[in-house]
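First residue of the sequence shown: 1, per our numbering; consecutive thereafter.
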Amino acid sequence: MNQHDAMDRLLYQLQAFKKKFYLNLLLRGSIFAIGLLMSIYIVYSLLEYIFYFPVFVRAFLLFSFVGLTIYALVRWIILPISALTNLRKLLSDEQAAARVGDHYPEIKDKLLNAIQLKDLDRTNELIAASIAQRSSQLINYPFEEAVTYRENKPLLKYIALPAVIMLLIALLYPTIFVQGTERIINYKKHYTPLAPFRFVVENESLQTYRGEDFELQVQLEGKTIPNEVYIHYNGRRQRLQKSGNGYTYTFKQLQRPVEFQLEGSGFMSDDYNLKLLSRPNLKNFHMEVAYPAYLKRKPDLIQNTGNATIPAGSTITWNFDATETERVEINFENASESLVAQFKENLFTASKQFTESQNYGVDLRNAHSTNKEEINYQITTIPDRHPQISLEQYHDSALYRFVVLAGEISDDYGLTRLALNYKVTNDKNPQAKYKSVPIGLNRQQLSQTYYHQWNTASLQLNPGDKLEYFVQVWDNDGLNGPKSARTRSFELRVPSRRDLEQELNSNAQSVESQLSKSLERSTKLKEELAQSEEKMKTKRDLNWQDKKQLEDLAEKRKQLEQDISSMKELFDELNKKQNMLSEQDKQLAEKAQELKKLMDSLLDEETKKLYEELEKLLQEQNPKDSELQKLLSKLDNRERNLERELERALELFKQLQFEQKLDNITNKLEEMAKEQEELADKTAQKQEDNKQLQQEQENIKQEFEQLKQDMKDLKELNDKLQNPNQMDEQQMQQEQQQIEQDMEQGQQQLEKNQNKKASESQQKAGEKMKQMAQQMEQMQSSMSMDGMQQNLDNLRDILENLIKLSFDQEGLMKSFRGVNQSDPRFISLSQQQLSLRDNAKVIEDSLFALAKKVFQLESFVTREVAQMNQSMDNSMKELRDRNVGRATAQQQLAMTSMNNLALMLNDALKQMQQAMQQMQGSMASKQKGSKPQPGDFGQMQDALNKKIEELKKGGKSGKALSEELAKLAAEQEALRNALKEMEKQGQKPGEKGGNGELGNISKMMEQSETDLVNKRLTEQTIMRQREILTRLLEAEKSMKERELDNKREAKSAQDVARRVPPSFEKYLRTKEKQTELLQTVSPALTPYYKQKVSEYFQNMNN
């Protein structure tokens, strides 16, 4: 073995020694640590158990025990372990060698010296030999035996004794360790010595919520119970309240945790901790209300309340600012609609749209609880209600020309449209559809009035029509679509033709009665004026009775004026109703217009001023007799003239009624004839069953029966005239009987299902009706012509006599200028003046008799006659007074009136002559086959063209062809002449091209006539005929459009008297004021207050 091996082995043995040394050291340290810690634990626990140390002593005990434990572990456990693991060297090789040497005396320092030499230079042979020698001497010694575990056995007593003590205590008095250890560990907790009783806290847990009261409930258990129990907390000592077998104490609105002890008879309980939990807390919140877009309202912000009244369709967004809150729920009655708020930007946010009212609750949650008090709110939705509408209506019940509509419309949010819906139904069109007419409204106002004047004349209502109408309004509901409300339907029924005729007869009788009544009053007033004038001639002064009589005359005159005004209104209404029944003949319309002028001129302003002067004179104390007599004389002349005008108006009215009745009967006969012929066609073709045909025939029979009554009424009207018209009553009765027989025969044949024979009988009845209508038309024309001719002759005679009277008056006036009062010729000249006055009276009577028959004579003609007579009477008065100068002045005035009257009568003569010529032309045009109607030109030309084309294709020649061509040329010439005649009368079939277009058509017709006469039937002729037809059809179409426009213009130009009743006018004025008030309401008001303002005005007006 060399020196190196011996040395390594020596070092190995030395390391084994050191390891065993460390293990021994660990064993010894463990014994010391365990013994020490057990002893201290026993001492500390026993001391604490006995003495109940205060907090700081228990803290010292705890932390000192912890410190000693740490020290023992480090000193006796950790350091040996670290040495064993070579983490730290507790013993060097030299120290280990020394300890080995101490154990083996024979070794002593040899091992130490060998270790020391090992670190020296081994190249030195002497040192190396020394190390080898020593190593070989020491290698046989077991170094590990230098450390013995037995030496630790005496130390076990340090563990055994505390262990025995701990065991005894644990077995006999374990509470020493339990309580002692607990108190030391919980050094902060106050512990007191055990009492002979026990405090029992009955609360399930010592936890409560911040800001809330907590009631502590305590029971005492034990043999000895104290009388009073106290609580110690926050440096205070409070007595608990006795409550049954226990005690209670209430902590008020706790804001922080509380440590407390209970005390009884000097004994203290353990420390109790009352912990505080936080409930979810809603600090504040707000709701954002977004209204439906159609309301055009800005969003609203509602702070700290969850109740809201909102329009349906609004969206609410909640924003909750909550503390100690982990979750916010919004719960509705319908659980499926509940919401969980989202946490955004430190707020809990949720949104919902409401279409109906709902209750909801807000629940705030955290890990410990929910909100203590329920948070319940209600969202009340205001549904978009239907709009409201009312209607006050007034219609023209006389002429059915207009309807006045007025009312109120309102809505909670806004209106969009207002319309009048109407339909016109009759027997021919019972299922007519409604049409709509918009009515203006203000979309900015929630409540407003409307007013609409509806001109129903544009609807061209006919007898028997029924006009149904209602007003409808729409709101602006953008959620469910606009809702509407409508008024109930109103009806305007136009009387049937028969009812309208009865109304006309009744109105005519009223006008006639009113005229007669006015005439009677006028006559009586004239007589009373004449009597008063005679009285004034014999009196110088007026007494009270005279004044009273004159005042009564003025009042009677006012009453007469009112009667005449009422009569004029009745007459106007009668004329308009007559136009509704049928389009009046042009001449009848002119006569009605002339009569209207006459009635309008009955009340003149001059007469009214004279009566005003009379009232002023009567108010004077002593009116001048001369002025009063002069005024009464003028009034007497005025009343005489009014009497005659009324008498004339009455007679002319009767004549007009007769002629209108005759015209209506003629028109009805023509319509009945057309209906009868149509029924005959239906019967022949069996288009309907026989029962229906029998019913239609029965209806025509009833209409004819009514016509017979109209004929009787016509006869009665004729008999009332001063100069009745000539009527062939016997012939008309015979024709009526024949028509009745044919209709009855047709009815019987229908009952027997003999349709062919029934059709023939019906056809005969229709033809006889046509014949009867033509005869009546001819009779009417004949009467008019005869009467007009007679009137012309009478007017010529009157005009000649008037001119002669004017010349005689002029000569007499010149004669008077050459004489004085004493001249013998004065008397003879005066007698001549008296004779002229008599002649003037004859002219006056003749002219007045003529005026009762001639409508063309203006009312100022009779007034001029009155002025002429007045001047001649004044002249006679001046002659009696031998006042030649004044007499000749009056004669000059009389002559002026005569000349004026002659001019007026001459104009009237010309008008009558012109009217007579027009009547003759009209009669000629009404004769059968005399002239085609404007709408027949195209048909006749088309028929002529077809004949020409057929003749061209037929291949005729010789005499037969010549005769046919001559007939066709004659027909074309007749058509051309008829066209020229219509052009002369101003009835142009069209306006296109004016006279040049008509001239072109006539020239083309002449060329065709030339071709036909010369037997030139070429293709060019055929083309020309077609061109003529095309132009004629265009002309007729243009004429129809012009006539339609003229009718529309005429109807639109009619003066529709829209007389609204006073009560309705008051209603309109009230609504107008309300509208003005509403317009003054500030637009800044919210919709709620605007609605309240509207309701206030409505209630105020109601």
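Each residue gets a CB set at the ideal place from its N, CA and C atoms; glycine is no exception.
Proximity below 9 Å, CB of residue i to CB of residue j
i, j, result
"F260", "E215", "no"
"Y360", "G440", "no"
"K188", "A341", "no"
"I389", "V328", "no"
"L905", "L795", "yes"
"A592", "Q509", "no"
"H190", "V74", "no"
"Q833", "M876", "yes"
"L652", "L595", "yes"
"L515", "L650", "yes"
"S314", "Y294", "no"
"Y422", "L461", "no"
"V865", "L909", "no"
"S633", "E533", "yes"
"Q238", "Y249", "yes"
"Y209", "L277", "yes"
"E374", "Q358", "no"
"E627", "L618", "no"
"I1001", "A974", "no"
"L282", "L364", "yes"
Among the options, nearest to residue i - alpha-carbon criterion
i, options, result
"G35", "Y158, A970, Y149", "Y158"
"D477", "A969, A849, P463, D412", "D412"
"L37", "L23, L909, V66", "V66"
"S407", "Y394, T380, R385, Y451", "This sequence places Gly at residue 407; Ser is not what is there. It is Y451."
"L679", "R385, E760, W544", "E760"
"N883", "D823, N945, E864", "D823"
"L850", "T896, M813, Q941, Q790", "Q790"
"F199", "D572, L254, D270", "D270"
"K946", "R236, R1026, Q578, Y249", "R1026"
"L156", "V218, R28, L254, Q697", "R28"
"F267", "E698, L529, L220, R256", "L220"
"I700", "N227, S782, M743, R880", "M743"
"E949", "S64, A554, R1024", "R1024"
"S1103", "Q831, L46, N801", "Residue 1103 lies beyond the range of the chain shown here (1 to 1102); nothing can be said about it."
"M1104", "M872, I1001, R863, M788", "With the chain represented from 1 up to 1102, any question about residue 1104 goes unanswered, as that position is not in the structure."
"F177", "I42, R279, Y149, Q303", "I42"
"V854", "G818, M895, M785, D873", "M785"
Cut-off 7 Å between Cβ atoms - residues of its own chain near residue i, not counting five sequence neighbours on either side
i, result
"G993", "Interpretation of G993 is limited by its pLDDT of 41, a score under 50 that renders its predicted location unreliable; the figure taken from the coordinates is listed afterwards. The answer is none, since no qualifying residue turns up."
"G414", "R443, L446, D475, N476"
"L62", "I184, I185, Y187"
"L301", "H286, E288"
"S601", "S859"
CB-CB length for residue i against residue j, believed under 8 Å
i, j, result
"I665", "D710", "5 Å"
"K576", "M599", "Not really, about 14 Å apart at Cβ, beyond 8 Å."
"S1008", "T1018", "Between T1018 and S1008 the Cβ distance is about 11 Å, and since that is not below 8 Å, they are no contact."
Contact set for residue i: own chain, Cβ-Cβ below 8 Å, skip 5 residues either direction
i, result
"Y272", "V201, L206, E259, F260, Q261, L262"
"R498", "Q706"
"L961", "L951, K1015"
Nonlocal neighbours in the same chain, by C-beta distance under 6 Å from residue i, ignoring five residues either side
i, result
"S484", "Q472, W474"
"K19", "none"
"Y12", "none"
"L1033", "G938"
Residue i beta carbon near the ligand NAD (any heavy atom closer than 8 Å)
i, result
"S782", "For the ligand NAD, the structure offers nothing, since it holds no ligand at all."
- Message: Closer than 8 Å is the cut-off here; do at least three beta carbon pairs connect the region 156-167 with the region 224-237?
- Response: Of all C-beta pairs linking the region 156-167 to the region 224-237, fewer than three are shorter than 8 Å, placing the two stretches out of contact.
- Message: Three or more C-beta pairs under 8 Å: does that hold for the region 631-638 against the region 600-613?
- Response: The region 631-638 vs the region 600-613: in contact.
- contact_flag[the region 962-975, the region 1006-1016] where n(CB pairs < 8 Å) is 3 or more: Cβ pair count under 8 Å is three or more, so yes.
- Segment contact, 8 Å Cβ cut-off, at least three pairs: the region 358-376 with the region 415-424: The region 358-376 and the region 415-424 do not touch, with fewer than 3 CB-CB distances between them shorter than 8 Å.
- Report yes or no: do three or more beta-carbon pairs, one from the region 320-336 and one from the region 384-404, lie closer than 8 Å? Remark: fewer than three beta-carbon pairs, one from each stretch, lie closer than 8 Å, so the region 320-336 and the region 384-404 are not flagged as touching.
- Message: With a threshold of 8 Å, are at least 3 pairs of Cβ atoms found where one atom belongs to the region 729-746 and the other to the region 758-774?
- Response: Three or more pairs of CB atoms, one per stretch, sit closer than 8 Å, so the region 729-746 contacts the region 758-774.
- Message: Three Cβ pairs or more, each shorter than 8 Å: is that satisfied between the region 854-863 and the region 888-895?
- Response: In this structure the region 854-863 does not touch the region 888-895; the number of beta carbon pairs closer than 8 Å is below three.
- Query: Three or more beta-carbon pairs under 8 Å between the region 748-757 and the region 680-699, yes or no?
  - Reply: Counting Cβ pairs under 8 Å, three or more are found: they touch.
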